[in-house]
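Step one of this worksheet: look at the structure below.
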């Protein structure tokens, strides 16, 4: 089944007025504007707002949202959806991204296009889960096995959160 993007429907859902957004919602809007039709995720602070936004808005534009049992299944579902023709994405944070490494490597190996939003936070666990950081960039670039090049974009503004999600 091919997923179709309806720009008119997306404009209805998002509106066309100036809005003030947090970075997570800017990623949601960027995903929808880019034609994302499938999102699979598992809630983790501070990325949970992306999953919540996609759960609320994606079905309204004809897309599919699935809350998975864990981060491992989330990326596996995103890979499967991409193979089925969907523009797909997931969102996570540090510990969740660590759990995705095997499937991340598989997506790289099979050259499967997918978007993983890593809402990075300070510390390896729950010490300061709501403080933003960019400490995962090395893992994003070289966290899995093999010699590969991954596109890793690091926004510094809310506008860039939306723009880079679209790219």
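Residue numbers (this note's numbering): 175 to 341.
Backbone N, C-alpha and C define an ideal beta-carbon position, used for all residues, glycine too.
For residue 339, the uninterrupted alpha helix (DSSP H) segment begins and ends at 332-340. Sequence-distant Cβ neighbours of residue 197 in its own chain, meaning closer than 6 Å and more than five residues away, are 332 and 335.
Straight through space, the alpha carbons of residue 214 and residue 223 are spaced by roughly 13 Å.
Sixteen is the threshold: since fewer than 16 other Cβ atoms of the shown chains lie within 10 Å of the Cβ of residue 328, the residue is exposed. Excluding residues up to 5 positions away in sequence, 214, 240 and 242 lie with their Cβ nearer than 7 Å to the Cβ of residue 251 in the same chain. For residue 211, the CB contacts under 6 Å within the same chain, skipping 5 residues up- and downstream, are 177, 237, 260 and 261 in chain order. In its chain, beyond the 5 residues on either side, 220, 221 and 267 have a beta carbon closer than 6 Å to the beta carbon of residue 293. Shortest Cα-Cα distance from residue 246 to any of 227, 280, 188 and 311 involves 280.
Around residue 201, the same chain offers 224, 291, 335 and 339 as residues with beta carbons nearer than 6 Å, after the five sequence neighbours per side are excluded. Partner residues in the beta bridge of residue 215, as assigned by DSSP, are 241. Assignment of residue 290 by DSSP, reduced to helix, strand and coil, places it in the strand class. For residue 275, the enclosing alpha helix (DSSP H) starts and ends at 275-283.
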